[in-house]
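Novice: Handing you a structure now.
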Amino acid sequence: QKPTVRDPVPYKAMLKSKVIWAVWTSAFADILAIQFINMFNPQYLKDYLQFDVLRTGFLASVPILVQWGCKIFAGFSSDMIKCISETLKLKIYNSIALGLSGLFFIILSFIPNSAPTACLVILIITEGFIGFNTAGFNKCGTLHARQHAHFVMIVKVIIQSLCILIEPFITNSIIQDNTAFQWGAVFWIHATLLIAATVLFWFWAKA
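Under the UniProt record's numbering, the very last position in the sequence shown is 207; numbers go up by exactly one each time.
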């Protein structure tokens with residue numbers, strides 16, 4: 001039996017592809033926002049919203065659980081929808097994941113810490129929207145690159161590692177005293193990146 005011969009990875013063509021760059025830019029904005037929530041959610045709840053330690057520990061897990069549920073829902077619902085093109089589905093789901101989460105970051109920046117329940121609800125909704133990335137840029141990379149999707153995934157892993165490294169520097173350089181202005185500035189930075197990536201993906205993405 002002859003050994004299977006794999007097609008060489010077209011690195012040059014992939015690096016020139018606007019679709020692939022739309023995937024990677026969305027991945028950067030999305031993963032950076034996820035790392036922000038995962039890393040600094042407890043600090044936001046305890047030091048800014050003034051929840052006690054016990055409630056902070058429990059409440060910090062809620063947005064992550066909601067995101068997990070939204071990921072599963074997005075994956076199944078995307079596969080079940082047959083009335084629109086695959087490209088349009090990718091754009092819609094990515095807009096929910098990045099665009100709406102960016103919008104809710106902006107909304108969150110205007111809610112004072114005197115309304116901690118409202119802040120928590122908006123934060124949970126924001127994290128939930130991010131979960132729709134399953135059927136957005138993540139699916140786009142696989143569909144477009146096909147048998148070469150592993151290269152797209154490798155770069156996304158590198159992007160994830162980069163986000164893990166730089167997110168603490170971004171947030172800690174701004175949040176010094178846990179003021180509303182400082183938290184709002186961080187929310188706006190991530191919102192800007194998310195919305196910009198959404199627009200880029202809408203024009204460049206293709207299944």
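We put the CB at the ideal spot given by N, CA and C, even for glycine.
Do leucine 59 and asparagine 113 count as a contact pair if the criterion is CB distance below 9 Å?
Specialist: Taking 9 Å as the Cβ cut-off, asparagine 113 and leucine 59 do not qualify as a contacting pair.
Novice: Pull up the CB-CB distance for histidine 190 and phenylalanine 137, whole angstroms please, since I reckon it's below 8 Å.
Specialist: The pair is not a contact, with the Cβ atoms about 16 Å apart (cut-off 8 Å).
Novice: What did DSSP end up calling alanine 207 once you bin it into helix, strand or coil?
Specialist: Three-state result, alanine 207: coil.
Novice: Which value, in whole angstroms, describes the spacing of the CA atoms of arginine 146 and aspartate 7?
Specialist: Looking at the two C-alpha atoms, the distance is approximately 12 Å.
Novice: For the alpha helix (DSSP H) that glycine 141 lies in, which residues bound it at each end?
Specialist: Taken as a continuous stretch (DSSP letters only), the alpha helix (DSSP H) holding glycine 141 covers 137 to 145.
Novice: Is arginine 6 helix, strand or coil when you go by DSSP?
Specialist: Arginine 6: coil per DSSP, three-state reduction.
Novice: Using DSSP with H/G/I as helix, E/B as strand and the rest coil, what is asparagine 178?
Specialist: Of the three classes helix, strand and coil, the one that applies to asparagine 178 here is coil, per DSSP.
Novice: Of the residues Ser26, Lys18 and Pro116, which one's Cα is nearest the Cα of lysine 156?
Specialist: The residue with the shortest Cα to Cα distance from lysine 156 is Ser26.
Novice: Could you tell me whether the Cβ atoms of glycine 195 and glycine 99 are closer together than 9 Å?
Specialist: The amino acid occupying residue 195 in the given sequence is isoleucine; glycine does not appear at that position. Yes; because the gap between Cβ atoms is below 9 Å, this pair is in contact.
Novice: Between isoleucine 130 and lysine 12, what straight-line distance do the alpha-carbon atoms span, to the nearest angstrom?
Specialist: Cα to Cα, isoleucine 130 sits roughly 31 Å from lysine 12.
Novice: Candidates Met39, Leu32, Lys91 and Ile174: which alpha carbon is nearest cysteine 140's?
Specialist: Among Met39, Leu32, Lys91 and Ile174, the Cα nearest to that of cysteine 140 is on Lys91.
Novice: What would DSSP say about lysine 89, mapped onto helix, strand or coil?
Specialist: In this structure, lysine 89 counts as helix in the three-state DSSP scheme.
Novice: What would DSSP say about residue 208, mapped onto helix, strand or coil?
Specialist: Because the chain spans 1 through 207 in this model, residue 208 falls outside it and cannot be assessed.
Novice: Grab the span of the alpha helix (DSSP H) containing lysine 12 for me, first residue to last.
Specialist: Lysine 12 -> alpha helix (DSSP H) spans 11 to 15.
Novice: Roughly how many angstroms lie between the CA atoms of isoleucine 170 and isoleucine 107, to the nearest whole one?
Specialist: So the two alpha carbons sit approximately 20 Å from each other.
Novice: Within 10 angstroms of the Cβ of lysine 89, are there 16 or more other Cβ atoms? Answer buried if so, exposed if not.
Specialist: Burial call: buried.
Novice: For a test of the three-state rule: what should DSSP assign to proline 112, helix, strand or coil?
Specialist: Of the three classes helix, strand and coil, the one that applies to proline 112 here is coil, per DSSP.
Novice: Just to confirm, is the Cβ distance from alanine 197 to threonine 87 under 9 Å?
Specialist: Against a cut-off of 9 Å, the Cβ pair of threonine 87 and alanine 197 comes out as no contact.
Novice: Could you tell me if lysine 163 is buried or exposed, where buried requires 16 or more neighbouring beta carbons within 10 angstroms of its beta carbon?
Specialist: Sequence inspection shows cysteine at residue 163; the lysine mentioned does not correspond to that position. So cysteine 163 counts as buried.
Novice: Would you say the region 167 to 185 touches the region 30 to 48, given that touching needs at least three Cβ pairs under 8 Å?
Specialist: The region 167 to 185 vs the region 30 to 48: in contact.
Novice: What is the DSSP secondary structure of glutamine 50, reduced to helix, strand or coil?
Specialist: Three-state result, glutamine 50: coil.
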